[in-house]
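Under the working numbering, the first residue of the sequence shown is numbered 5, with each subsequent residue one higher.
Please read the structure below before turning to the comments.
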Amino acid sequence: MELVIAILLFMVILNLSLAFLVLANNYKRLTNIFFASFVCSVVLWMISNYFANFYSPYAMFWTRMTFLGAILLGAFLLYFSFYFPEIQKPVKIWQHLLIVTLSAIFIFLFLFTKLVISGVTIIETGTGVKQGPLYYIWPVYFLSMIICTLYNLLYKYRFFTGKQKTQIKIVFVGLALSLMMAITTNLIFPFVFKNDTLSNIGPYSTLIFIIFTAYAIVETHLFDIRVIATEVLVVLIGLALLIDTLLSKTLLEGGLKGILFVLVSYGSYKLVQSVKEEIRRRQEIQKLTIQLKKDKEELQSLDRLKDEFLQMATHELNMPIASIQSGVSILEEMGEKDSTKRKIIDSINFNTQRLAALARDLLNVSRIESGRLSTNFSEVHLEDLIKQVVNDLEEKAKSKGNQLNYVKANKSLPKIYSDEGKIVQILNNLIGNAIKFTEKGKITVSVQQEDGKIITTISDTGVGIPKEALPKLFTKFYQVNRFNKDKPLEQQGTGLGLYITKKLVELLGGKIWVQSQEDKGSQFSFSLPIKNKRYNENEQKN
């Protein structure tokens, strides 16, 4: 008997502690309120079931109280399922009214009359129930509440994700196991087999639900009771010290223990505050992380839309540009001798080429950023490409009074595996920039082999680049001295050339860097691997 009382007290204290912690955490939240009410109903069921097993003048009363605990348990459990972990769909007013009405009917009209329980009998384990004419309505009511509860949890499980889905799964499994045991001992055996011998075991089935709920609390921070647990621990320590202080035998001992009590209480208060602050910061960080993730997804979506727009716009621009260029070519072939008309044709030709270059740059940027820029690797003799580009740009350099020279390497260079078209584009961009920003100076292109790669360097004696501009030089749309009316040369272009060049070099497995000093010229260098890893991988696949 003493063991039974000890187990009962343990279960009651455990349940009430859980209810208190959950309710104290947030007494305004409906999920917490209904869960705490459910746990209190379990406690009423346990206590009533214990006293109902003693045959006494009060046996009938405690038996009815056992049924009352079960009725409230079913009602609060169903309410809990509506609001846990949060409302998936609005709870309609008729659902509230139905639960309240059914519960009230059983409690006030049937339960405390002989219609449900007509009396009690003495059995081997204590007392049994004499079933009244409406006793059969009781299991229908209880099972309907349980079925609706399980349905609500299963319905929500389909729609929630992440932590909330895990919470539902843990609570559902714990609840299902507890209910299976409770229904077997307190419903199936008494109703089907007319046997009440196992009814006193039913209340202890809630231990399964408590264990699963406790696991959910620890694993997913269900109800967020960490702060409450810390506060309870602190209060218990404080009470123990206070009682020890009051039981002091001497004034000196009491004074010392009192000081210790004050110090511990103050330290405990600070501890609780620090725990609250830490949790608050973590929650803020979690919210910010979620928001940043959403913002990132939105930005990525906008970036994709931008790339799609650029592709569409550049394709549409290329058509009228090609038409204008074709018309200008025809006019040039006609050999127009009028100087005024000649200037107009040259101006149209120059600006059309600029517009075509802009469209080409925008299209390249769009392809690079969307990962759709294809490569065509083959065996390439880099020196031959450099000579070709230098020859093509020599007249352009001379028109500005510049000397464009190619300095051969000290020894013969091996062929490399790379994309010939991309290398030509890189060289055109870098040498073209050197010509653009150099007046009556010298531009030198040189190559050298070093540690499995070939380094190409383009040096000029032009205007140079300010030190503060170097870190931003290869970024998109950046131009040195942008909006500076005193330096009109640097306002020509889109600010995409060096950005595209850097991306092309990296696409070919190389690196690019720059050294420059304002008014003394610049030196751009880029490296390309002799044995390109990406090319070898593609070759093996084929």
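C-beta atoms are modelled at their ideal positions from N, C-alpha and C, and glycine is treated no differently.
Thr293 versus Leu102: straight-line alpha-carbon distance, rounded: Pairing Thr293 with Leu102, the inter-Cα distance amounts to about 42 angstroms.
Within 10 angstroms of the Cβ of Gly466, are there 16 or more other Cβ atoms? Answer buried if so, exposed if not. Label assigned to Gly466: buried.
Answer yes if the region 384 to 398 comes into contact with the region 506 to 525, meaning at least three C-beta pairs across the two stretches below 8 angstroms, and no otherwise. They do not touch, by the three-pair rule.
Simplified DSSP state of Leu20, which is helix, strand or coil: Here Leu20 sits in helix by DSSP.
Looking at Asp365: is its Cβ nearer than 8 angstroms to the Cβ of Ile462? Contact flag unset, no.
Does the beta-carbon of Asp423 have 16 or more other beta-carbons within 10 angstroms, so that it is buried, or is it exposed? Taking all protein chains shown into account, Asp423 has 16 or more neighbouring C-beta atoms within 10 Å of its C-beta and is therefore buried.
Span of the alpha helix (DSSP H) around Val394: If you look at Val394, you'll find it in the alpha helix (DSSP H) that goes 386 to 402.
Nearest residue (CA-CA) to Ser416, options Asn433, Ile458, Ile447: Nearest option by C-alpha distance: Ile458.
Helix, strand or coil: how does DSSP classify Ser107 here? Of the three classes helix, strand and coil, the one that applies to Ser107 here is helix, per DSSP.
Given this structure, state the Cα-to-Cα distance separating Phe530 from Val332, to the nearest angstrom. If you take the alpha carbons of Phe530 and Val332, they lie about 37 angstroms apart.
Rounded straight-line distance, which links the Cα of Ile75 to that of Val95: A straight line joining the alpha-carbon of Val95 with that of Ile75 spans about 21 angstroms.
How long is the line joining the alpha carbons of Leu181 and Val369, rounded to whole angstroms? If I take the Cα positions, the gap works out to 60 angstroms.
In chain order, which continuous runs of the alpha helix (DSSP H) of length 4 or greater are located wholly inside the region 8 to 64? Counting only runs of 4 or more, we get 34 to 56.
Any idea what DSSP makes of Gln357, helix, strand or coil? Note: Gln357 maps to helix in three-state DSSP.
Backbone secondary structure at Asp350 - three-state DSSP: Three-state DSSP puts Asp350 in a helix.
CA-CA distance, Leu147 and Val238? For Leu147 and Val238, the distance between alpha carbons rounds to 42 angstroms.
Cβ neighbours of Phe487 in the same chain (closer than 7 angstroms, five flanking residues each side left out): Residue placement at Phe487 is flagged as unreliable, the pLDDT there being 45, under the threshold of 50; a coordinate-derived value is accordingly withheld.
Return the chain-ordered list of same chain residues with a C-beta closer than 6 angstroms to the C-beta of Ile372, the five sequence neighbours on each side being excluded. So the list reads Lys507, once near-sequence residues are dropped.
Contact set for Asp248: own chain, Cβ-Cβ below 7 angstroms, skip 5 residues either direction: Only Lys261 meet the Cβ criterion.
Tyr410 - partner residues in DSSP beta bridges: Tyr410 is bridged to Val449.
Quick one: grab the DSSP three-state call for Leu256. Of the three classes helix, strand and coil, the one that applies to Leu256 here is helix, per DSSP.
Three-state secondary structure assigned by DSSP to Lys298: In the structure shown, the three-state DSSP call for Lys298 is helix.
Inter-residue CB distance, Leu434 and Phe528 (contact presumed, cutoff 8 angstroms): The C-beta separation of Leu434 from Phe528 comes to about 5 angstroms, placing the pair in contact by the 8 angstroms criterion.
Three-state secondary structure assigned by DSSP to Leu532: DSSP places Leu532 within a strand segment (E or B) once states are collapsed to three.
Within the same chain, show all residues whose beta-carbon is closer than 8 angstroms to that of Gln99, passing over the 5 residues directly before and after it, in chain order. Phe86, listed in sequence order.
Take the Cβ of Asp464 as the centre, count every other Cβ of all protein chains shown within 10 Å, and call the residue buried at 16 or more, exposed below. Asp464 counts as buried, since at least 16 other C-beta atoms from the protein chains shown sit within 10 angstroms of its C-beta.
Select from Phe110, Lys169, Gln168 the residue whose C-alpha is nearest the C-alpha of Pro143. Closest by C-alpha distance to Pro143, out of Phe110, Lys169, Gln168, is Phe110.
Look up Gln329 in the DSSP assignment and say whether it is helix, strand or coil. Three-state result, Gln329: helix.
Given Lys32, which residues of its chain have a CB within under 7 angstroms of its CB, disregarding the five upstream and five downstream residues? Nothing meets the Cβ criterion.
What separation, rounded to the nearest whole angstrom, lies between the Cα atoms of Pro533 and Gly456? Cα to Cα, Pro533 sits roughly 6 angstroms from Gly456.
In chain order, what residues of the same chain have a beta carbon less than 7 angstroms from the beta carbon of Val393, not counting five sequence neighbours either side? Val428, Leu431, Asn432, Ile435.
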